[in-house]
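Going down the list, the sequences are from chains A and B. To convert a position in the first sequence, counted from 1, into the numbering used here, add 5. To convert a position in the second sequence, counted from 1, into the numbering used here, add 9.
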Amino acid sequence: MIPAAFDYVVPDSAEHAVALLADHGDEAKVLAGGQSLLPLMKLRLATPGLLVDIGRINELSYIRQETGYVAIGATTRHCDVEWSGLLRQWVPLLPHVTSQVADPQVRHRGTLVGAIAHGDPASDLAAAALALDASLVILGPQGARATPVAQFFRGFLDVDLSPDEIVTEIRIPTPAASAWSFQKFVRRSFDWAIVGCAIAGGPEPRVALVNMDSRPLRALAVEEALAAGAPAAEAAAYATHGVTPPSDLHAPSEYRMHLARVLVRRSLQEAHL
Amino acid sequence: MRTVAITVNGEFRRHEIEPRLLLVYFLRDLLGLTGTNVGCDTSTCGACTVHLDGSSVKSCTLLAVQADGGSVTTIEGIGSEPALNPMQQSFQRMHALQCGFCTPGMVMAAMSLLADNPAPTEAEVRRGLEGNLCRCTGYHNIVRAVLAVSETGERRGEQ
């Protein structure tokens with residue numbers, strides 16, 4: 006499978022990338038690691054006329070401790086997140102989830118921010134970002150803006166990002182909850198989750214679901230039940246409240262609902278909630 | 010068209026290519042390095058695994074232009090008879106192949122695995138090779154071969 010022809014440009018900086026995107030509009034796509042975009046292009050589900058390869062902008066590859074949050078740059082690869090001592094210490098959920106994404110070869114190329122910006126409801130990392138209450142720094146022609154990931158995911162592969170904007174950084178509030186859990190149901194270890202669940206504990210636990218709707222989302226009804234004092238087994242029954250899980254060759258919708266309730270219960274118990 | 014300069018198996022190679030050319034076809038069709046196989050062509054099977062700047066990658070899901078300025082190692086670059094690489098020797102000794110189609114990718118993935126984790130447990134080897142499929146299902150001997158050349162195997166005197 007060969008992608009349709011396109012032009013390719015390597016910008017010098019994030020600002021340069023935004024200027025190129027502003028010039029080319031809908032025709033252009035941002036390339037970082039390419040582990041989501043290239044498969045789509047090979048299937049010709051995506052046929053951009055121009056690829057803006059930000060993967061070579063070294064200033065965008067970093068993991069830094071700032072006051073009150075950890076900042077991770079747009080081109081920081083999954084393998085860097087997976088092995089980061091700083092993240093293992095401050096936000097252990099994130100490297101744990103990352104270590105279960107795809108396989109080592111994909112993790113050597115793919116980026117955390119790219120996976121988030123892709124907006125795939127089946128993304129483990131999108132659920133982790135929701136559970137961790139992360140926010141994104143987005144650069145456009147008018148400058149930078151910040152948005153919580155909770156408001157970023159709008160629909161299937163649809164995110165709050167204009168064609169002339171790029172996500173330059175993800176911020177994870179610290180200290181993250183010391184109690185957390187990630188559960189994922191797969192047929193083979195490198196598969197996408199049929200259903201997954203990421204939980205960050207603390208006084209106001211956040212519960213996020215993988216592959217349970219058209220977008221990555223929080224299980225707000227579970228969170229409300231916990232806040233009202235419900236025990237884990239009871240709260241987990243609300244995991245399917247208001248969601249419309251897809252049916253596909255891996256699982257019908259009803260089976261996903263069953264899995265979500267089971268995985269949420271196991272996650273809550275693992276996180277001692 | 011765009012000119013790329015990629016060091017492949019220690020040799021500097023400069024070619025004018027279309028940006029859409031995938032790294033695996035750069036290696037196979039332009040350089041004639043057909044040891045790297047195309048299996049699934051969907052980033053699943055790992056038959057196309059090579060090293061880019063020391064790390065395993067799936068060359069069917071990487072543009073050759075993304076490797077511009079970098080260093081690529083393929084199965085041809087790690088050793089050939091009579092001077093096989095220790096990993097290749099171990100695959101031979103443990104009979105870690107049946108049809109052989111997955112073998113180049115398996116060997117490259119296994120070397121990258123040991124570079125990241127020189128003394129893996131058996132479970133870690135199996136997990137570390139999750140990106141490579143053997144359609145003959147001959148995983149047991151592959152795992153034995155990787156463990157034998159690891160520090161785990163050295164301690165057990167398997168070498």
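We treat Cβ as the ideally placed atom computed from N, Cα and C, and that holds for glycine. These numbers come from a predicted model, not from an experiment.
Q: For residue 70 of chain B, go through chain D and note every residue whose CB falls closer than 9 Å to its CB, in chain order.
A: Although the question refers to chain D, the structure presented lacks it and instead comprises the protein chains A and B.
Q) DSSP beta-bridge partners for residue 9 of chain B? A) The shown model of chain B, from 10 to 168, leaves out residue 9 of chain B, and the question about it has no answer.
Q) In this structure, what does DSSP give as the bridge partners for residue 190 of chain A? A) Within the first sequence, residue 190 of chain A is the residue found at index 185, counting from 1. As computed with DSSP, residue 190 of chain A is found in a beta bridge with A/200.
Q) Among residues of its own chain, excluding the 5 on either side of residue 79 of chain B, which ones have a beta-carbon nearer than 8 Å to its beta-carbon? A) For this step, residue 79 of chain B is matched to residue 70 along the second sequence. Within the same chain, residue 79 of chain B has close Cβ partners 15, 16, 61, 62.
Q: Indicate whether the contact test is met: 3 or more Cβ pairs, each with one atom in the segment 226-238 of chain A and one in the segment 169-182 of chain A, closer than 8 Å.
A: Segment contact: the segment 226-238 of chain A against the segment 169-182 of chain A, fewer than three CB-CB distances shorter than 8 Å; contact not assigned.
Q. For residue 121 of chain A, which beta-bridge partners are listed by DSSP?
A. Translated into positions along the first sequence, residue 121 of chain A becomes position 116. Under DSSP, no beta-bridge partner is assigned to residue 121 of chain A.
Q: Pull up the distance between the alpha-carbon of residue 143 of chain A and that of residue 221 of chain A, whole angstroms please.
A: By 1-based counting over the first sequence, the position of residue 143 of chain A is 138. By 1-based counting over the first sequence, the position of residue 221 of chain A is 216. Cα to Cα, the separation comes out at about 19 Å.
Q.
Rounded to the nearest angstrom, what separates residue 50 of chain A and residue 160 of chain B at their Cα positions?
A. Within the first sequence, residue 50 of chain A is the residue found at index 45, counting from 1. Within the second sequence, residue 160 of chain B is the residue found at index 151, counting from 1. Spanning the two alpha carbons is a distance of roughly 45 Å.
Q: Could you tell me how far apart the beta carbons of residue 154 of chain B and residue 105 of chain B are, in whole angstroms, since I believe they sit closer than 8 Å?
A: In the second sequence, counting from the first residue as 1, residue 154 of chain B sits at position 145. In the second sequence, counting from the first residue as 1, residue 105 of chain B sits at position 96. About 4 Å separates the beta carbon of residue 154 of chain B from that of residue 105 of chain B, a gap short enough to meet the 8 Å contact definition.
Q. What does residue 116 of chain A pair with, by DSSP beta-bridge criteria?
A. In the first sequence, counting from the first residue as 1, residue 116 of chain A sits at position 111. Residue 116 of chain A pairs with A/82.
Q: Report yes if the CB atom of residue 258 of chain A is closer than 8 Å to the CB atom of residue 188 of chain A, and no otherwise.
A: Here residue 258 of chain A refers to the residue found at position 253 when the first sequence is read from its first residue. Here residue 188 of chain A refers to the residue found at position 183 when the first sequence is read from its first residue. Contact annotation: residue 258 of chain A and residue 188 of chain A have beta-carbon atoms that are not nearer than 8 Å.
Q. Nearest CA to the CA of residue 110 of chain A: which residue from B/144, B/71, B/99, B/88?
A. Numbered from its first residue, the first sequence carries residue 110 of chain A at position 105. The option with the nearest alpha carbon to residue 110 of chain A is B/71.
Q: Assign residue 70 of chain A to one of three DSSP states: helix, strand, or coil.
A: Here residue 70 of chain A corresponds to residue number 65 of the first sequence, with the count starting at 1. When secondary structure is reduced to three states using DSSP, residue 70 of chain A falls in the strand class.
Q) Contact check, residue 83 of chain B vs residue 18 of chain B under 8 Å by CB: the rounded distance? A) Within the second sequence, the letter at position 74 stands for residue 83 of chain B. Within the second sequence, the letter at position 9 stands for residue 18 of chain B. The Cβ separation is near 6 Å, so the contact holds.
Q. Going by the beta-carbon positions, is the gap between residue 75 of chain A and residue 124 of chain A smaller than 8 Å?
A. To locate residue 75 of chain A, count along the first sequence from 1; it is residue 70. To locate residue 124 of chain A, count along the first sequence from 1; it is residue 119. Contact flag unset, no.
Q.
Just to confirm the assignment, what range does the beta strand (DSSP E) spanning residue 16 of chain B have?
A. The sequence position of residue 16 of chain B within the second sequence is 7, counting from 1. Going by DSSP, residue 16 of chain B is part of the beta strand (DSSP E) stretching over 11-17.
Q | Per-residue contacts from residue 8 of chain A into chain B (C-beta, under 7 Å) | A | Stepping through the first sequence from its first residue, residue 8 of chain A is reached at position 3. Within 7 Å Cβ-Cβ: 29.
Q. Does the beta carbon of residue 122 of chain B come closer than 8 Å to any beta carbon on chain A?
A. For the purposes of this step, residue 122 of chain B is identified with residue 113 of the second sequence, where counting begins at 1. For residue 122 of chain B, the answer is yes, since a Cβ of chain A falls inside 8 Å of its Cβ.
Q) Which two residues bound the contiguous alpha helix (DSSP H) that contains residue 100 of chain B? A) Along the second sequence, one-based indexing puts residue 100 of chain B at 91. Looking at the DSSP string, the run of the alpha helix (DSSP H) that includes residue 100 of chain B is 95-102.
Q: Label residue 120 of chain B either buried or exposed according to how many other C-beta atoms from any shown protein chain fall within 10 Å of its C-beta, with 16 as the threshold for buried.
A: Working through the second sequence from its first residue, we reach residue 120 of chain B at position 111. Looking at its Cβ environment, which holds 16 or more other Cβ atoms inside 10 Å, residue 120 of chain B is buried.
Q.
Determine, for residue 129 of chain A, whether the minimum Cβ-Cβ distance to residues of chain B falls below 8 Å.
A. Here residue 129 of chain A is taken as the residue at index 124 of the first sequence, counted from 1. Not one chain B Cβ lies under 8 Å of residue 129 of chain A.
Q.
Per the DSSP calculation, residue 67 of chain B is bridged to which residue(s)?
A. As a working note, residue 67 of chain B is residue 58 in the second sequence. The partner list for residue 67 of chain B (beta bridge, DSSP) reads B/58.
Q) What is the DSSP secondary structure of residue 205 of chain A, reduced to helix, strand or coil? A) Numbered from its first residue, the first sequence carries residue 205 of chain A at position 200. Correct three-state label for residue 205 of chain A: strand.
Q. Mind checking if residue 51 of chain B is an interface residue toward chain A, Cβ cutoff 8 Å exclusive?
A. Along the second sequence, read from residue 1 onward, the residue named residue 51 of chain B stands at position 42. In terms of beta-carbon proximity, residue 51 of chain B lines the interface with chain A, with at least one pair separated by less than 8 Å.
Q.
Whether or not the segment 130-141 of chain A and the segment 89-104 of chain A are in contact is what I'm after, with contact meaning three or more pairs of Cβ atoms, one per stretch, closer than 8 Å; do they touch?
A. The segment 89-104 of chain A makes contact with the segment 130-141 of chain A, as at least three CB pairs between them are under 8 Å.
Q: Can you have a look at residue 121 of chain A and say buried or exposed, based on whether 16 or more other CB atoms are within 10 angstroms of its CB?
A: Reading the first sequence from its first residue, position 116 is the one you call residue 121 of chain A. Flag for residue 121 of chain A reads buried.
Q: Could you check the C-alpha separation between residue 27 of chain A and residue 146 of chain A for me, to the nearest Å?
A: On the first sequence, residue 27 of chain A is found 22 positions in, with the first residue counted as 1. On the first sequence, residue 146 of chain A is found 141 positions in, with the first residue counted as 1. The alpha-carbon atoms of residue 27 of chain A and residue 146 of chain A are separated by roughly 7 Å.
Q. Per DSSP, residue 21 of chain B forms a beta bridge with which residues?
A. Locating residue 21 of chain B in the second sequence gives position 12, counting from the first residue. Answer is B/16.
Q: Round the Cβ separation of residue 22 of chain B and residue 74 of chain B to the nearest angstrom and send it over; I've been treating them as touching at under 8 Å.
A: Here residue 22 of chain B corresponds to residue number 13 of the second sequence, with the count starting at 1. Here residue 74 of chain B corresponds to residue number 65 of the second sequence, with the count starting at 1. Not confirmed; about 14 Å, so no contact.
**Q.** Cα-Cα separation, residue 184 of chain A to residue 277 of chain A
**A.** Position 179 of the first sequence, counted from the start, is the residue given in the question as residue 184 of chain A. Position 272 of the first sequence, counted from the start, is the residue given in the question as residue 277 of chain A. If I take the Cα positions, the gap works out to 7 Å.
Q: From the DSSP output, read off the bridge partner residues of residue 59 of chain A.
A: For the purposes of this step, residue 59 of chain A is taken as the residue at position 54 of the first sequence. DSSP output for residue 59 of chain A lists no bridge partner at all.
Q: Output yes if chain A places a C-beta closer than 8 Å to the C-beta of residue 144 of chain B; else output no.
A: For the purposes of this step, residue 144 of chain B is identified with residue 135 of the second sequence, where counting begins at 1. Using a CB distance cut-off of 8 Å, residue 144 of chain B does not count as an interface residue toward chain A.
Q. What do you reckon, are the CB atoms on residue 32 of chain B and residue 76 of chain B nearer than 8 Å?
A. Here residue 32 of chain B refers to the residue found at position 23 when the second sequence is read from its first residue. Here residue 76 of chain B refers to the residue found at position 67 when the second sequence is read from its first residue. Less than 8 Å divides the Cβ of residue 32 of chain B from the Cβ of residue 76 of chain B.
Q. Residue 146 of chain B to residue 24 of chain A, Cα distance in whole Å?
A. One-based indexing of the second sequence puts residue 146 of chain B at position 137. One-based indexing of the first sequence puts residue 24 of chain A at position 19. About 50 Å.
Q: Could you check what DSSP says for residue 158 of chain A in three-state terms: helix, strand or coil?
A: Along the first sequence, read from residue 1 onward, the residue named residue 158 of chain A stands at position 153. DSSP places residue 158 of chain A in the strand class (E or B) of the three-state scheme.
**Q.** Sufficient close CB pairs (3 or more, under 8 Å) joining the segment 248-264 of chain A to the segment 199-207 of chain A
**A.** Inter-segment contact for the segment 248-264 of chain A and the segment 199-207 of chain A is present: three or more beta-carbon pairs are separated by less than 8 Å.
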